[in-house]
Amino acid sequence: MARVLFVGGLGRSGTTLVERLLGELPSVRALGEVVHLWQRDLRDDERCGCGARFSACTFWQQVGERAFGGWGAVDVDRIQTLREAVERTRHIPRLAATSLPPAQRAEVREYADYYARVYAAAAEVSGATVVVDSSKHSALAHVLRWADDVDLRVVHVVRDARGVAYSWTKTVTRPETDGAEEMTRYSPGRSALLWNAHNAAFGLLARRGVAVRRVRYEQLLADPRQALRELAAYVDLPLTDADLAFLGDGHADLTVGHSAAGNPMRFRVGRVPLRHDDAWVRALPPGQRRLVGAVCAPLLRAYGYPLNPTAPQLNPAAPQEA
Ligand SMILES: [Zn+2]
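Position one of the sequence shown corresponds to residue 4 (our numbering), numbered consecutively onward.
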């Protein structure tokens, strides 16, 4: 059974960085946002994190061979039909039930099985004991809860809602499309609502008995070594100091990975700075900052964020799971 570390959280919360850092650990293989593999890679043949088109990446071709006897055997239409039927945010209340009606249960398990096969094949091809799926979506984590053959552990990445909101207002192009497409943008009010819904969904997952470990993005950047040591222990991965040699003072040295899809940061190789981006404290207009702070107040408080920050500071004593 594949041991899967699912990196969850609302987009722009630092999930890609968490995945990249995890991918540098021995016996870990980071897969990117597997949720997008079907459309963006099988259909559109976008670029793998290694730079090659998906169809030209040796790693992913071996995974497809082992998981399905070749990607050509995968019915992408069927996966997309199942996804509509089971893996949408609106389905989370049903997925979080203690039991599912037989017909729905069959669909959930059929959909989850595609992921389980990819995880198992990726672990076999790479020789890794842990594979990382940074799909982020809480609905997919709720789906995977119903799979028998996935040893699921979730790392729930949270970032101050006001920093997330500011990030969603910025324009980012998607290099996979050679600059032709931009990533989605949201207004601060909209991203505040999404922040609440997605983060609450991971709290619900924890209450259903799934292993969920919360990591605050700001804390990860403040002490990446400690954060990675804790995450390695969480997935039962032995770690030595030498394994963290890729972390320097305020930076990380990243090697090439095979992320199937995700944030453009997945392509970065070499030295990347690890510093806290608190531009929002100055750049997010006060009215928007107050709006986001008010909408997200209960969870901000629960996660240990100050409600009226002049500079982002964390309450180190915040409880692990609300
Ligand atoms: Zn690749």
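Glycine included, C-beta positions come from ideal geometry on N, C-alpha and C.
*Buried or exposed: A286, going by 16 or more other Cβ atoms within 10 Å of its Cβ?*
So A286 ends up on the exposed side.
*Per DSSP, F205 forms a beta bridge with which residues?*
Beta-bridge pairing links F205 to no other residue.
*So L147 is in the beta strand (DSSP E); what residue range does that whole segment cover?*
Looking at the DSSP string, L147 is not in any beta strand (DSSP E); the run it does join, the alpha helix (DSSP H), is 141–147.
*Taking the Cβ atom as the reference point for each residue, do T19 and S194 lie within a distance shorter than 8 angstroms?*
Against a cut-off of 8 angstroms, the Cβ pair of S194 and T19 comes out as no contact.
*Buried or exposed by the 16-neighbour rule on C-beta atoms within 10 Å, applied to K173*: With fewer than 16 Cβ atoms within 10 Å of its Cβ, K173 is classed as exposed.
*Are the beta-carbon atoms of V146 and A115 separated by less than 8 angstroms?*
The Cβ-Cβ distance between V146 and A115 falls below 8 angstroms.
*Within 7 angstroms: the Cβ of G35 and any heavy atom of ligand 1?*
Result no, Cβ not under 7 angstroms from ligand 1.
*Could you tell me whether any non-hydrogen atom of ligand 1 is closer than 7 angstroms to the CB of C299?*
Incorrect: C299 has no Cβ contact closer than 7 angstroms to ligand 1.
*What residue from I82, A168, R304, G12 has the CA that sits closest to L45's CA?*
Residue I82 is the option with its Cα nearest to L45.
*Pick out every residue whose C-beta is nearer than 7 angstroms to a heavy atom of ligand 1: which are they, in chain order?*
Cβ atoms closer than 7 angstroms to ligand 1 belong to C51, G52, C53, A55, C60, F62, W63, H261.
*Return the residue from the list G273, G12, L8, P29 that minimises the CA-CA distance to A245.*
Out of G273, G12, L8, P29, P29 has the C-alpha closest to the C-alpha of A245.
*Residues in its own chain within less than 7 angstroms of H254 by CB, not counting five upstream and five downstream?*
Here the set comprises R274, V275, P276, L277.
*Taking the CB atoms as reference points, tell me whether T92 and A200 lie closer together than 8 angstroms.*
Using a Cβ distance threshold of 8 angstroms, T92 and A200 count as a contacting pair.
*In the DSSP assignment, find the alpha helix (DSSP H) that holds P289 and state where it starts and stops.*
Unbroken alpha helix (DSSP H) run through P289: 289–298.
_Between which residues of its own chain and W283 is the CB-CB distance below 7 angstroms, once the five residues before and five after are set aside?_
Only R165, G166, Y169 meet the Cβ criterion.
_Here's the rule: buried if 16 or more other CB atoms are within 10 angstroms of the residue's CB, otherwise exposed. What is N202?_
Per the 10 Å Cβ criterion, buried.
*Give a yes or no on whether the C-beta atoms belonging to V10 and K139 are separated by under 8 angstroms.*
Their beta carbons are under 8 angstroms apart, which means V10 touches K139 by this criterion.
*Within 10 angstroms of its Cβ, does A106 collect 16 or more other Cβ (buried), or is it exposed?*
So A106 counts as exposed.
*Which stretch, first to last residue, makes up the beta strand (DSSP E) that contains L257?*
Per DSSP, L257 belongs to the beta strand (DSSP E) from 254–257.
*Out of M4, A5, R15, V7, which has the shortest C-alpha to C-alpha gap to Y189?*
The closest CA to that of Y189, considering only M4, A5, R15, V7, is found on R15.
*Top-ranked residue by Cα proximity to A150, from V213, A300, G130*: Considering only V213, A300, G130, the residue with the shortest C-alpha distance to A150 is V213.
*Residues bridged to P276 by DSSP?*
According to DSSP, which records beta bridges pairwise, P276 is partnered with H254.
*Between the segment 37–51 and the segment 64–81, do at least 3 Cβ pairs fall closer than 8 angstroms?*
The segment 37–51 vs the segment 64–81: in contact.
*Minimum C-alpha distance to E49 - residue among R292, A144, P191, H261*: When each option's Cα is compared against that of E49, the closest is H261.
*Kindly indicate which three-state DSSP category G166 falls into: helix, strand or coil?*
In the structure shown, G166 falls within a helical segment according to DSSP collapsed to helix, strand and coil.
*Can you give me the Cβ contacts of V238 inside the same chain, cut-off strictly under 7 angstroms, excluding the 5 residues immediately before and after it?*
R6, L8, V133, R156, listed in sequence order.
*Mind listing, in chain order, the continuous alpha helix (DSSP H) runs of no fewer than 4 residues lying wholly within the segment 43–124?*
Within the segment 43–124, the runs of alpha helix (DSSP H) that reach at least 4 residues and sit entirely inside it are, in chain order, 61–71, 79–89, 95–98.
*Can you name the start and end residues of the beta strand (DSSP E) that V37 belongs to?*
Premise fails: V37 is in no beta strand (DSSP E) and is neither H nor E.
_Give me the residue from A55, D80, V79, V37 with the minimum Cα distance to G265._
Answer by Cα proximity: V37.
_Coarse secondary structure for G11, derived from DSSP in three states_ = It is a strand residue.
*Under 8 angstroms between the Cβ atoms of V111 and V66?*
No; because the gap between Cβ atoms is not below 8 angstroms, this pair is not in contact.
*Assuming L257 contacts R228 under a Cβ cut-off of 8 angstroms, what Cβ separation, rounded to an integer in Å, is found between them?*
About 15 angstroms separates the two Cβ atoms, so there is no contact after all.
*Opening and closing residue of the alpha helix (DSSP H) in which V21 lies*: Note, V21: alpha helix (DSSP H), 18–26.
*Nonlocal neighbours in the same chain, by C-beta distance under 7 angstroms from A125, ignoring five residues either side*: Counting only Cβ-Cβ distances below 7 angstroms, and skipping sequence neighbours, we find R32, L34, V66, V134.
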